[in-house]
Amino acid sequence: MDDHQQWRKRQKLLADFGEFALRNENLTDILTEACRLVGDALGTHRAKVLEIEKRTQSLFVRAGVGWDAGIVGNLRLPMRELTSETFSIEAGVPVTSRDVRIEARFELPAFLRAAGVVALANVPIFLPGGRPYGLLQVDSSNPRDFSQDDVEFLRTYSTILGPVIDRLNKMRALREAEERFRVIVEAAHDYAIFTTDAVDRIIDWLPGAEAVFGWTAEEAKGRSANMLFTPEDRARGEDVKEIETARREGAAPNVRWHVHKDGSRVFIEGSVTSVQAPDGQVHGFLKIGQDVTERRRNEERIRESETRLRAVIEGIPQLVWQAALDGSWIWSSPQWSDFTGLPTEQSLGFGWQEAVHPDDRPLALKAWSEAHEAGAFKTEYRIRHGHTDNYRWFAIRAAPVRDSASEILSWLGTSTDIDTLRRMQQRQEVMVTELQHRTRNLIAVVQSIAGQTMSTSRTMEQFRSQFNDRLAALARVQGAAVTLCPGTNYHRYTCAGGAGCLGCDRQNPRHDQRAQCAAAEFERSDPGTGAARAGD
572 MDDHQQWRKR QKLLADFGEF ALRNENLTDI LTEACRLVGD ALGTHRAKVL EIEKRTQSLF
632 VRAGVGWDAG IVGNLRLPMR ELTSETFSIE AGVPVTSRDV RIEARFELPA FLRAAGVVAL
692 ANVPIFLPGG RPYGLLQVDS SNPRDFSQDD VEFLRTYSTI LGPVIDRLNK MRALREAEER
752 FRVIVEAAHD YAIFTTDAVD RIIDWLPGAE AVFGWTAEEA KGRSANMLFT PEDRARGEDV
812 KEIETARREG AAPNVRWHVH KDGSRVFIEG SVTSVQAPDG QVHGFLKIGQ DVTERRRNEE
872 RIRESETRLR AVIEGIPQLV WQAALDGSWI WSSPQWSDFT GLPTEQSLGF GWQEAVHPDD
932 RPLALKAWSE AHEAGAFKTE YRIRHGHTDN YRWFAIRAAP VRDSASEILS WLGTSTDIDT
992 LRRMQQRQEV MVTELQHRTR NLIAVVQSIA GQTMSTSRTM EQFRSQFNDR LAALARVQGA
1052 AVTLCPGTNY HRYTCAGGAG CLGCDRQNPR HDQRAQCAAA EFERSDPGTG AARAGD
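Taking this note's numbering, the leading residue of the sequence shown gets 572, the next gets one more, and so forth.
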């Protein structure tokens, strides 16, 4: 065959391969056909494509013709520096060997030697951008001088193979991505995913959209996407605003109530993204939204509950507050600011201590240091009234707010005014002390009366008569001694022995006058006991 005929044959083989590659999308089939055509063109009937595997640093026999079973699709060759295959790839140049039996430059892989390979030609295959893919190798069982025309033909072939391989790899990656996307969107039934055209008519309606909104793909396709908007939103033009924002800015939020096929409402949190051509023209829109209806309704119920709780808290007389674990405040009620005059912002953290009496602040901090271990906060201290600058006593109580694991998250507390109660308790203590004193004195008087009466009585009958008379006189004296202190609402208890006044000034000038009157009354009732005066 002359050179011209050979050239025409090879041109035809290239054309045939190009047509085959256009009709076929299977990379293995295309590479196998490429090996067959190359082997026929060079008359070796044996060729292969080696693909670089970076992970294992090896060359994988991806396709080939003329090889025993178990080689193609299975064999991997280590990328060693002393092989012609590795050298050709790394140097980026064709490498030929007329007779590998006398080749001193490279080592021959064992499987080639076992297959009877004597001569070979390697041409690297590069993807667009100069990224190495692998090697096209033609093998001969006889010594052969591969001509320059042979090498150029193989270079042309590898140049065609590079873009074909790249296109098919990208197509495979795209199909895999599409399959992953399909699996994801079909499984995500709480996500509504659909696409619309440039005027917002529905084109694709995926299973999640049907699950969320109720319409089937047959019912939804071709309809305007504004069918999902509530009547009030359509009246305000929200559907048009959303699309125009996405058209102008590339995306728009879609967070609002939507309409289900059955007329119920569905709350969606999502977005609308414009689909643009390379020239920037909008071809349509991708809409993705999650059904968060239940969460939204729970949030609304929580807000309503919080509103009711706040109304209750702000309506009670106590000063209410919330604190972190260390006692620093994170919230206070209006009652606190109304009483102390401290704004909420100034009370947060440890600012609340400004309203606490300086002598009581260590007590408050000590109670906080013990609260976590005790599981409760309980103490009393004085708080300044902002309008009068007077301090009043408060009972401070707080309960822990716990999470599901019983860990304390914060403390909710109240401060209750107990100043009036404390003053009443103090007065009650004084009254009890005075009553105990009066009782002891009265018993002493009775004992004295009994002794004196016994010493002057000759018979038990005489003792009984005189003793009863004297007790009656003592009772009259005691009744006269318990009087209402002038100018007050407190009762005073007076006696000849100088008893004190309960609840008023003991030095009242009328105190002694009443005591003297009571003593005189006792003496008139029983002159014989002048030495035994009431209260002695």
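Glycine included, C-beta positions come from ideal geometry on N, C-alpha and C. Computed from a prediction, not measured in an experiment: that's the story for all the values here.
| Asked | Found |
| --- | --- |
| So if DSSP puts VAL620 in a beta bridge, which residue, or which two residues, is it bridged to? | ALA634 and LEU707 |
| Which same chain residues, not among the five before or five after PRO734, have their C-beta less than 8 Å away from its C-beta? | LEU698 and PRO699 |
| Going by the CB atoms, is the gap between ILE1014 and ARG1041 shorter than 8 Å? | no |
| Suppose the cutoff is 6 Å on Cβ atoms and the five residues either side in sequence are ignored; what does the same chain contact list for ALA782 look like? | HIS760 |
| What are the start and end residues of the beta strand (DSSP E) that includes LYS858? | 853-862 |
| Opposite ARG963 in the DSSP bridges: which residues? | ILE954 |
| Pair every Cβ in the region 976-987 with every Cβ in the region 884-896, then say whether three or more of these pairs are closer than 8 Å. | yes |
| Which two residues bound the contiguous alpha helix (DSSP H) that contains GLY733? | 719-758 |
| Can you tell me which of the three DSSP states ARG874 falls into? | helix |
| Considering only C-alpha positions, which residue in the set PHE591, VAL1017 and TYR728 is nearest to GLY610? | TYR728 |
| Please state whether DSSP places LYS949 in a helix, a strand or coil. | strand |
| For VAL643, name the three-state secondary structure that DSSP assigns. | coil |
| Whole angstroms is fine: what's the gap from ARG746's alpha carbon to ALA970's? | 60 Å |
| Under the assumption that TRP900 contacts GLY920 (Cβ atoms under 8 Å), give the Cβ distance between them as a whole number of angstroms. | 7 Å |
| Do we get a CB-CB distance below 8 Å when we pair LEU890 with the residues of chain D? | Among the protein chains of the structure shown there is no chain D, as only one such chain exists. |
| Can you list, in chain order, the residues of its chain whose CB lies under 7 Å from that of THR911, leaving out five sequence neighbours each side? | ALA926, ILE954, ARG955 and GLY957 |
| For ARG751, is the classification buried or exposed, using 16 other Cβ atoms within 10 angstroms of its Cβ as the cut-off for buried? | exposed |
| Would you check if the distance between the CB atom of PHE856 and the CB atom of THR844 is smaller than 8 Å? | yes |
| Look up GLN847 in the DSSP assignment and give the residues it is bridged to. | VAL853 |
| Using the C-alpha atoms, what's the distance from ALA1043 back to ALA1089? | Bear in mind that a pLDDT of 49 at ALA1089, under 50, signals an unreliable position, so the number given afterwards is only what the model happens to contain. Distance between the alpha carbons of ALA1089 and ALA1043 is about 14 Å. |
| Please report the straight-line C-alpha distance between ARG879 and SER904, rounded to a whole angstrom. | 14 Å |
| Give the DSSP-derived three-state secondary structure of GLY920 in the structure shown. | strand |
| With DSSP as the reference, please indicate the residues paired to ILE979 in a beta bridge. | ARG973 |
| When you compare the CB positions of GLU669 and PRO714, do they come within less than 8 Å of one another, or not? | It is worth fixing the name first, because residue 669 is Arg in this sequence and not Glu. Yes, the Cβ-Cβ distance between ARG669 and PRO714 is below 8 Å. |
| Rounded to a whole number of angstroms, what is the C-alpha to C-alpha distance between GLU590 and ALA686? | 32 Å |
| Could you tell me the alpha carbon to alpha carbon distance between GLU661 and ALA748, rounded to whole angstroms? | 32 Å |
| Select from LEU621, GLU789, LEU613 and SER1026 the residue whose C-alpha is nearest the C-alpha of LEU602. | LEU621 |
| Is it a yes or a no for the region 640-649 touching the region 611-618, going by three-plus beta-carbon pairs under 8 Å? | no |
| DSSP three-state call for THR615: helix, strand or coil? | coil |
| Which term fits LEU683, buried or exposed, when burial requires 16 or more other beta carbons within 10 angstroms of its beta carbon? | buried |
| Below 8 Å between beta carbons: does that hold for ALA763 and GLY779? | yes |
| Please tell me whether PHE965 and LYS858 are closer than 8 Å, where the distance is taken between their beta carbons. | no |
| Out of curiosity, what's the CA-to-CA distance linking PRO802 and ASP775? | 24 Å |
| Can you name, in chain order, every residue of its own chain whose Cβ lies under 7 Å from the Cβ of ALA817, other than the five neighbours on each side? | ALA823, VAL843, THR844, SER845 and PHE856 |
| Could you check what DSSP says for ASN597 in three-state terms: helix, strand or coil? | coil |
| Have a look at ARG807, THR1024, VAL826 and GLY821 and flag the residue whose alpha-carbon is nearest the alpha-carbon of GLN1037. | THR1024 |
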